[in-house]
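Undergrad: My questions all concern the structure below.
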Amino acid sequence: MLIGLVRESFHCFCHTCRAPLPVAVQRRHQGLVAKVKTKPRTIQPKKVQFVTTEVRCQEKTRGGLCYEVILGEPEAKATPPKRTNSPNKNVVSVHDIEEKLRAAEERRQQLEFNKIAALSAKMQKIEDASRKKDEQTTQFITNTKDALEQKMETHVGKREAYITDLKSKLKDHIENVEKTRLSLEQQTDEVRTAIEEKLKSASAHRDENIKKMIERLKEHEKRAEAVRQNKANLLATQQVTTASSG
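Position 150 of the sequence shown, counted from 1, bears residue number 160 in the working numbering, the numbering being contiguous throughout.
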């Protein structure tokens with residue numbers, strides 16, 4: 011039982027101590043602990059805190075394990091040093107109070123001056139930023155205006171050049187149209203004259219053809235009349251000859 015209590019209260023880091031106990035020893039140790047718990051509590055003497063200085067190797071015996079523990083002397087609690095009584099402070103004079111008030115006033119004034127300086131610097135930065143922004147805005151407006159004016163001038167120049175070119179093209183087109191119209195009128199007059207001459211020539215040929223056809227018809231009628239007279243003469247001659255023979 012004592013071995014188990016010592017083993018539980020102290021720790022050894024050697025290889026043999028970290029080895030597991032045999033099963034029989036563990037059962038025996040558990041049985042002993044169970045028996046101890048069943049006993050009524052007794053008044054234990056006041057324990058003295060010892061410091062473990064050395065734990066030697068265990069020795070295996072028939073009843074279990076054997077440890078040799080060497081305990082050191084208990085450490086005596088060091089008594090805290092007594093506080094020394096601070097000397098009584100001297101009474102503060104009026105001059106010291108005035109000096110402290112003056113120093114406090116100077117510190118307050120210095121703080122106010124620092125605040126005013128910081129505020130002035132901040133306002134100066136704001137004014138500089140505002141002025142810089144206004145300058146940038148003015149510069150942007152000026153640049154934009156110049157760019158727009160330049161674009162407008164370029165656009166106006168291009169528009170005028172386009173209108174001039176368009177007018178020149180329209181003038182050339184009108185001249186070409188006028189030339190074409192005059193040429194067409196001339197060609198029309200020539201064609202009209204040629205047609206009129208052809209019509210006159212055709213009318214003259216037609217009259218001549220009509221005259222020739224009339225003359226041919228007259229000759230044909232004359233020949234037909236001569237043939238009819240010849241036939242009549244032949245018939246008369248035949249009748250005469252027939253009558254004389256009969």
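A virtual CB, placed ideally from N, CA and C, is assigned to each residue, including glycine.
Express the C-alpha separation of Val250 and Ala236 in angstroms, rounding to a whole number.
TA: 21 Å
Undergrad: What is the DSSP secondary structure of Ser103, counted as helix, strand or coil?
TA: Note: Ser103 maps to coil in three-state DSSP.
Undergrad: Quick check for students: name the residue ranges of the beta strand (DSSP E) that lie wholly in the region 188-231, counting only runs of 3 or more.
TA: none
Undergrad: For Lys168, name the three-state secondary structure that DSSP assigns.
TA: helix
Undergrad: Can you grab the Cα-Cα spacing for the pair Leu252 / Arg233, in whole Å?
TA: Correcting the residue type first, residue 252 is Thr in the shown sequence and not Leu. Computed Cα separation, rounded: 28 Å.
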